[in-house]
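There are 2 protein chains.
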Amino acid sequence: MDLLISGGLLVTMDPEFRIIEDGAIAVEGDTISAIGKRADLEGRIRAAKTIDARGAIIMPGMINGHMHAAMSLFRGVAEDRSLDDWLRNYIFPAEARNVTEDFVLWGTRLGVLEMLRGGVTCYADMYYFEDTVAQVTKEAGMRGVLGETVLDFPAPDNKSPDAALAYCEKYIDKWKGDPLVTPAVAPHSIYTASNDTLIKTAELARRKGVPILMHIAEAPFETELSRARHGGSPVHFLETFGFLGPDVVGAHCVWLDAADIATLLKRRVGTVHNPSSNMKLASGIMPVVQLLHAGVPVGLGTDSAAANNNQDLFQEMNLAAKLQKVSRMDPRALTARETVEMATIGGARALHMEGKIGSLETGKQADIVLTGLGATHSTPMYDVYSQLVYALNAHDVLTVVIAGKIVMEVRVMYTMDKPLILAKAHEYQRKVAASLIAPPPV
Amino acid sequence: MDLLISGGLLVTMDPEFRIIEDGAIAVEGDTISAIGKRADLEGRIRAAKTIDARGAIIMPGMINGHMHAAMSLFRGVAEDRSLDDWLRNYIFPAEARNVTEDFVLWGTRLGVLEMLRGGVTCYADMYYFEDTVAQVTKEAGMRGVLGETVLDFPAPDNKSPDAALAYCEKYIDKWKGDPLVTPAVAPHSIYTASNDTLIKTAELARRKGVPILMHIAEAPFETELSRARHGGSPVHFLETFGFLGPDVVGAHCVWLDAADIATLLKRRVGTVHNPSSNMKLASGIMPVVQLLHAGVPVGLGTDSAAANNNQDLFQEMNLAAKLQKVSRMDPRALTARETVEMATIGGARALHMEGKIGSLETGKQADIVLTGLGATHSTPMYDVYSQLVYALNAHDVLTVVIAGKIVMEVRVMYTMDKPLILAKAHEYQRKVAASLIAPPPV
Chain A
6 MDLLISGGLL VTMDPEFRII EDGAIAVEGD TISAIGKRAD LEGRIRAAKT
56 IDARGAIIMP GMINGHMHAA MSLFRGVAED RSLDDWLRNY IFPAEARNVT
106 EDFVLWGTRL GVLEMLRGGV TCYADMYYFE DTVAQVTKEA GMRGVLGETV
156 LDFPAPDNKS PDAALAYCEK YIDKWKGDPL VTPAVAPHSI YTASNDTLIK
206 TAELARRKGV PILMHIAEAP FETELSRARH GGSPVHFLET FGFLGPDVVG
256 AHCVWLDAAD IATLLKRRVG TVHNPSSNMK LASGIMPVVQ LLHAGVPVGL
306 GTDSAAANNN QDLFQEMNLA AKLQKVSRMD PRALTARETV EMATIGGARA
356 LHMEGKIGSL ETGKQADIVL TGLGATHSTP MYDVYSQLVY ALNAHDVLTV
406 VIAGKIVMEV RVMYTMDKPL ILAKAHEYQR KVAASLIAPP PV
Chain B
6 MDLLISGGLL VTMDPEFRII EDGAIAVEGD TISAIGKRAD LEGRIRAAKT
56 IDARGAIIMP GMINGHMHAA MSLFRGVAED RSLDDWLRNY IFPAEARNVT
106 EDFVLWGTRL GVLEMLRGGV TCYADMYYFE DTVAQVTKEA GMRGVLGETV
156 LDFPAPDNKS PDAALAYCEK YIDKWKGDPL VTPAVAPHSI YTASNDTLIK
206 TAELARRKGV PILMHIAEAP FETELSRARH GGSPVHFLET FGFLGPDVVG
256 AHCVWLDAAD IATLLKRRVG TVHNPSSNMK LASGIMPVVQ LLHAGVPVGL
306 GTDSAAANNN QDLFQEMNLA AKLQKVSRMD PRALTARETV EMATIGGARA
356 LHMEGKIGSL ETGKQADIVL TGLGATHSTP MYDVYSQLVY ALNAHDVLTV
406 VIAGKIVMEV RVMYTMDKPL ILAKAHEYQR KVAASLIAPP PV
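Keeping their order, the protein sequence lines are chains A and B.
When you read off a place in the first sequence, starting at 1, and then add 5, the result is the number in the working numbering.
When you read off a place in the second sequence, starting at 1, and then add 5, the result is the number in the working numbering.
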């Protein structure tokens, strides 16, 4: 064996939700080869490398289902604004003035670094220069479903939807089949991409066999626009021309009626909840309980650091559980275990990757996180799911393994140059701050 | 001078909300003696001890307005329950089986340790054996408004309200005038204390000149009970017999109508918002925006670790801002600065201590926190209030000064024995877990 992680509280998130005290997990290549009690595995397995996990939770790597990693450089750039105002008057202009391939390189490095340090082993990204995002992700040893954004107005990389589609085709051909990077297309939304653009994007995705990532039914203005232009909800509109399918991942999905939920289920669309972003931008409250009850996969995402303002998936679990409880006035809504599910195997289902990642099971990819339990704020412990959702945070993550490779060990990064990334982020902070007070470029 | 903290981004929370880049603050004894630019203070002040604050935020110590510190030993003991069910069927029985003076000693140490490590310098507590709570607080060098609980059924320390009131009188006489500990009385609520008990408790508090801490209008069942028994809301009921006054601190205050808010303002009652607890127990959403608009002081609290499940006031700021925005569908509701205010000077107002603590101003108590900005999740930064509310967490706190004394420096505790406290917490974890599956004591 290549790696043996041994001695921790093993939370499998497998179909029986097995929890193994004093557990162990063996890895061969990129794959989990055995799971069981420490005494059993240590007796029969010799590994090139052993990690002592005593005092830690051994859990599946978490899945951040919706992100714009490069926007980490815009952390906190515009606050206390609604989605529409924030996008059109702050974010899109800030992007027009600042986003270059180099910005995406360093911004994505910053975002990936923060996610890895918080126990995220796979993320779904939607941005520009996505080939650069893919390179950063692969060099960091991280897993990603990485979607090149397609929209109707000129973007920082491509100046027309046709140029974006041509970029996508080349980008997909380059990355298709990569063990870590799944290339994808990302039509931004129904309010930034025309019917024609959406159809062409879906057609390309299906021809190439790659996922489609999209913001769907995020905020009230989107529903109003959809009703006015298309005579129905965003989901209803997308269904009218065959856009929805088992390759679609819908971020947000806040404004859904019962018919929309039935459509998402029928078309096997994955959905991703982003509680920080939805609360902070006052977009609304996703009907998570109804979606899960119906059987629609629901993952969990941080959205970008500009809308959150961090990439701590523990915080999203905390918010998700608490928001469902208070908004439904039902303390039993979205239990701690259901919430951990959203951050792991539920997120894998939402990304249509549940056969490969999301739980610790023999034959699955070895995406494994060790989270320490020795802190003041996590002592004592009576229930591990409750501890994960309500007490711990990103800083408690110790060690991260992706596809069998150790990327962080006891908070030391093996695949990324943290001091250099933070120094570059400070450089960009000065540029971005200056651009915000400067007149728009001619 | 005794202490000079120099070189950080100084967030004063004074009436002008001054922010001083490359600032400095000088301390003599327990008092802030000078605030200004580093270059200015370093030129004219010599101090026995200097703390280099470059790369950190220098901010007022945070105020946790509502806590039951000893319950840290019950962290996560019962989950996904409503307040009424949780209290009567889980927490009160667990307390009857476990809470002794020794439990309160170690539980309070654990809670105080966690709060100090998260930048809290003053807290309001309601529990049993409050004399022990006071001893722990003083030995830790922390500031507290510490209320002995009074209720009608037998408590772990006192078996009747009269016994509790006698305890209170002795406890107050012992601690009145202490520079760190403000003794207080804490009638639990209108649903656990009779009219007679409430009147006697208020009478004692006013005779002794100490604050009254109480759960007020926390959950729907309390309002229903009040309407059925007393013909009006909890606030209306308390007003009918002169209970409310400028010495009262009401925790929660979720279920208020316009008349209740007017009453709280008229009687100068302080209120404390506990977003984690209110969301997790599905108690409801406090009308924070309306209270602040009316001019009622609103502080921020974590409530106990059994209802939260940590004591991270940064997390409460994050939740408070996001919850108001989404519940009002207004992204401008409760701005980042207003939220930081709730955790500092607003909390001081709620505890009726704004003349002494809550902001960094010459002549005020030297309760000062240094929070680091060097982490991945806090890089870059465009706005310091936004960073505090949306990006940082308890772990970013570096150094804590209370009444001029350094209690933690670069995360090393000077006043508490962390390894011993965690070891004792693990011992109690085993006892509590065993008690939960055992039959009730005869």
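We put the CB at the ideal spot given by N, CA and C, even for glycine.
Predicted model only: the values in this text are computed from it and were never measured.
The three-state reading of DSSP puts H73(A) in coil, since its state is none of H, G, I, E or B.
Using a CB distance cut-off of 8 Å, N103(A) does not count as an interface residue toward chain B. For T381(B) and P166(B), the gap between their C-alpha atoms comes out near 52 Å. Assigned with DSSP and collapsed to three states, G112(A) falls in helix. Separation of H278(B) and M284(A) (C-alpha to C-alpha, rounded to the nearest whole angstrom) is 18 Å. Counting the other Cβ atoms within 10 Å of the Cβ of I407(A) gives 16 or more, which makes it buried.
Residue contact with chain A for N163(B): absent (no Cβ-Cβ distance below 8 Å to any residue of chain A). Chain order gives no chain B residues near Q295(A), where near means a beta carbon separation below 9 Å; the closest approach is about 17 Å. By the Cβ-count criterion, F248(B) is buried, with 16 or more other Cβ atoms from all chains shown falling within 10 Å of its own Cβ. Along the region 177-196 of chain B, there is no position whose C-beta sits under 9 Å from a C-beta of chain A.
Residue D388(B) holds the alpha-carbon nearest to the alpha-carbon of L378(B) among Q370(B), V303(B), D388(B). Considered as a whole, the region 104-163 of chain B harbours 106-122, 135-144 as its complete alpha helix (DSSP H) runs of no fewer than 4 residues, in chain order. The three-state reading of DSSP puts T245(A) in helix, counting H, G and I together. Positions of the beta strand (DSSP E) runs, each at least 3 residues long and wholly inside the region 290-331 of chain A, are given as 303-305 in order along the chain. In this structure S87(B) touches L286(B) by the C-beta definition: roughly 6 Å separates them, less than 8 Å. For D130(A), there are no neighbours in chain B by C-beta distance under 7 Å, as the nearest C-beta there is about 17 Å away.
By the neighbour-count criterion, in which a residue is buried when 16 or more other Cβ atoms sit within 10 angstroms of its Cβ, L15(A) is buried. Beta-bridge partners of V16(B) (DSSP): I24(B). Of all C-beta pairs linking the region 6-23 of chain B to the region 47-67 of chain B, three or more are shorter than 8 Å, placing the two stretches in contact. E229(B): not part of any beta strand (DSSP E); member of the alpha helix (DSSP H) spanning 225-235, first to last residue. At least 8 Å separates the beta-carbon of L318(A) from that of M147(A). V240(B) carries a helical assignment under DSSP once its states are collapsed to helix, strand and coil. Of all C-beta pairs linking the region 348-364 of chain A to the region 16-33 of chain A, three or more are shorter than 8 Å, placing the two stretches in contact. Neighbours of A287(A) across chain B, judged by C-beta separation under 8 Å: K330, V331, R333, M334, D335, P336, A338.
About 3 Å separates the Cβ atoms of G112(A) and A75(A), confirming a contact at the 8 Å cut-off. Within the region 44-89 of chain A, no run of alpha helix (DSSP H) at least 4 residues long lies entirely inside it. The DSSP-derived three-state label of M418(B) is strand. The alpha-carbon separation between G124(B) and K54(A) amounts to approximately 39 Å. Within chain A, the residues placing a beta-carbon under 7 Å from that of V82(B) are Y387, ordered along the chain. Boundaries of the beta strand (DSSP E) harbouring P192(B): 186-192, taken from the DSSP string. DSSP links L218(B) through a beta bridge to V254(B).
DSSP places S38(A) in the uninterrupted beta strand (DSSP E) bounded by 36-42. Secondary structure in the region 342-368 of chain B: the alpha helix (DSSP H) runs of 4 residues or longer, each lying completely within the stretch, are 350-355 in chain order.
For I407(A), there is no enclosing alpha helix (DSSP H); the residue is part of the beta strand (DSSP E) that begins and ends at 402-407.
Counting every other CB atom within 10 Å of its CB across the protein chains shown gives H257(A) a total of 16 or more, marking it as buried. Note that the C-beta distance between A325(A) and M347(A) is below 8 Å.
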